[in-house]
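Read the structure below first, then the notes.
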Amino acid sequence: MSCSPASRKRGPCDRSTTCRRPSRPSRTLIPSVLVHMQRIALLIGQTVPPLQVLIKLPNYVFVGEEDTLKVALWDSKVNEWTTEGIEEVKLDAAKLHLEFRTTRLAPLAFVVDRCIDYPYTSWYMRCTAVDKALLDLVTKRKRFVFEVTSGQVRLIDTSDPALAHVAEKAFEPGMLLYELLKCGINLMPDDKDEKVSGYKPKYKDAEERAIFELASSVNAFAFRSSVWNKSLTADQVAMSIRLNLEYDREFFEEDEREWKTFVWYYNKCGYTKLNDKDKECNAQLQDDCVNHLWLCKAIQGMYSEEAIDRCRHISQISFFETVRKFLRLLRIMSFC
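Offset between the sequence shown (1-based) and my numbering: plus 73.
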């Protein structure tokens, strides 16, 4: 039994009745027609020709130039998505038209590989003002620029129409990445992605130590990814640092000698002989350098007292925690 909107306003329905809106014909007639066609086909010993389907994807769906989308349907018998019965999938990225043929009708979804955006190609983080950092993240499909401030993260410097609803708006770190996930952009790797991505995640304690040091020192140094990070064992995290006391967004004099590569363990860090341009991985400590628990101790004698003081003193705990939360979700220490 169906109750009209007017009857629902006058009071609750009796428990023996069910209040629901009448089903739309477009959602019920087409599946039933196909079911009847299949039954008739079985009786006469023939097969039902596949149904041609054209779907207009929502405007917020991000589609890369070389993306290969798949169409899946929900199999209620095994409670999982399957691509069986779907064929001839064609995508018009300019018009966001997805066309395919199917012999079954069920809830449909378009899907992409979970690891379509990572392992990341590179990343680069630095402060442009006190407690205001920029993170350039280059993924397999696109370059993203994030602005991190106290308690907030913004996606900036993008003109992609699919991301217009989130661009330049402040979010908590997790909420921004969740909004990007709804657009088809997954920037939240997990340890279970090891087999698919080909990257072995770093040990949590080593990863957390590196994140802590970056968050506490980014007001003094610029940080960037090292090409040797993947080659190191799971208990080692490699990053390169460069002094940035003037909060430069870009360095006008790009001198590779200014960058020094450090390796973090769960209980120490040190300045190593690693160099991105070398052909072999050499993670040995530089001569006359020692490992230390804290970066501010490991760099003594290498940088000014002002740089060391900025590493020692966290000016705003909220900014420090926001950087940590964001990097924990992105997993750039493990998947780059």
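Quick reminder that beta carbons are idealized off the backbone N, C-alpha and C, glycines included.
Strand pairing of residue i, partner residues [DSSP]
i, result
"I314", "F296 and K333"
"S388", "In DSSP, S388 forms no bridge with anything."
"L181", "L146"
"D343", "With the sequence shown as reference, residue 343 is identified as Gly, and Asp is not the correct amino acid for it. In the DSSP output, where bridge partners are listed per residue, G343 has V336."
"R401", "Paired residues: none, contrary to the question."
"V151", "The partner list for V151 (beta bridge, DSSP) is empty, contrary to what the question assumes."
"M198", "L208 and F296"
"F219", "L208 and L228"
"F173", "V126"
"Y376", "Q373"
"I381", "Partner(s): none; I381 has no beta bridge."
"H365", "C342"
"K163", "E172"
"F135", "For F135, which the question treats as bridged, DSSP gives no partner whatsoever."
"L358", "T345"
"F244", "V226"
Exposure label - residue i; buried when at least 16 CB within 10 Å
i, result
"L254", "exposed"
"T175", "buried"
"F335", "buried"
"N152", "exposed"
"K426", "Coverage of the chain is limited to positions 74 through 409, which leaves residue 426 absent and any answer about it impossible."
"I128", "exposed"
"I229", "exposed"
"S391", "exposed"
"F325", "exposed"
"P262", "buried"
"S388", "exposed"
"A295", "buried"
"A380", "buried"
"R216", "exposed"
"A371", "buried"
"G374", "exposed"
Of the residues the options, the one placed nearest residue i, counting alpha carbons only
i, options, result
"P131", "G343, V363, P234 and M198", "P234"
"H238", "L210, V134 and A166", "V134"
"D140", "Q389, D165, E160 and L124", "D165"
"E157", "V136, K168 and A182", "A182"
"K302", "W196, V126 and G257", "The question names Lys, but residue 302 is Asn in the sequence shown. When only C-alpha atoms are compared, the closest one is W196."
"L402", "L260, Y376 and D328", "L260"
"L171", "A179, V184, L318 and R177", "V184"
"G137", "V126, L178, N317 and L169", "L169"
"L178", "K350, I159 and E252", "I159"
"N317", "T194, N348 and R199", "R199"
"H386", "Y376, G374 and C369", "C369"
"V126", "K150, P180 and A167", "P180"
"L400", "G343, L249 and L347", "L249"
"D349", "K277, E329, G343 and Y338", "E329"
Cβ-based neighbour list, residue i, same chain, cut-off 6 Å, excluding 5 preceding and 5 following
i, result
"E331", "R315"
"S313", "R297, S299, W332 and T334"
"K398", "P246"
"V162", "V144 and F173"
"E252", "V239"
"R404", "P262"
Presumed contact (8 Å Cβ cut-off) between residue i and residue j, rounded CB distance
i, j, result
"A307", "K273", "6 Å"
"V218", "N292", "Going by Cβ atoms, the distance from V218 to N292 rounds to 19 Å, so no, they are not a contact pair."
"S304", "P192", "Not confirmed; about 13 Å, so no contact."
"R227", "K242", "7 Å"
"C256", "L236", "7 Å"
"S290", "C384", "4 Å"
Sequence-distant residues of the same chain with beta carbon closer than 7 Å to residue i, five excluded per side
i, result
"T345", "T334, F335, V336, A356, Q357, L358 and Q359"
"T155", "A145, L146 and D148"
"M406", "K275, E280, A283, I284 and V310"
"L366", "N340 and K341"
"D190", "T212, K213, R214, I258, N259 and L260"
"T201", "L207, Y320 and R322"
"D264", "P274"
"Y376", "L316"
"P123", "E160, R174, T175 and T176"
Neighbourhood of residue i by C-beta, 8 Å cutoff - its chain only, sequence neighbours within 5 removed
i, result
"T395", "V221, T222, S223, G224, Q225, V226 and P246"
"R187", "N259, D266 and V269"
"T194", "V211, T212, K213 and C409"
"F393", "A288, S289 and I387"
"T231", "F217, V218 and A240"
is_contact[residue i, chain C] using C-beta, thresh 8 Å
i, result
"R315", "Note that chain C does not occur in the displayed structure, where there is just one protein chain."
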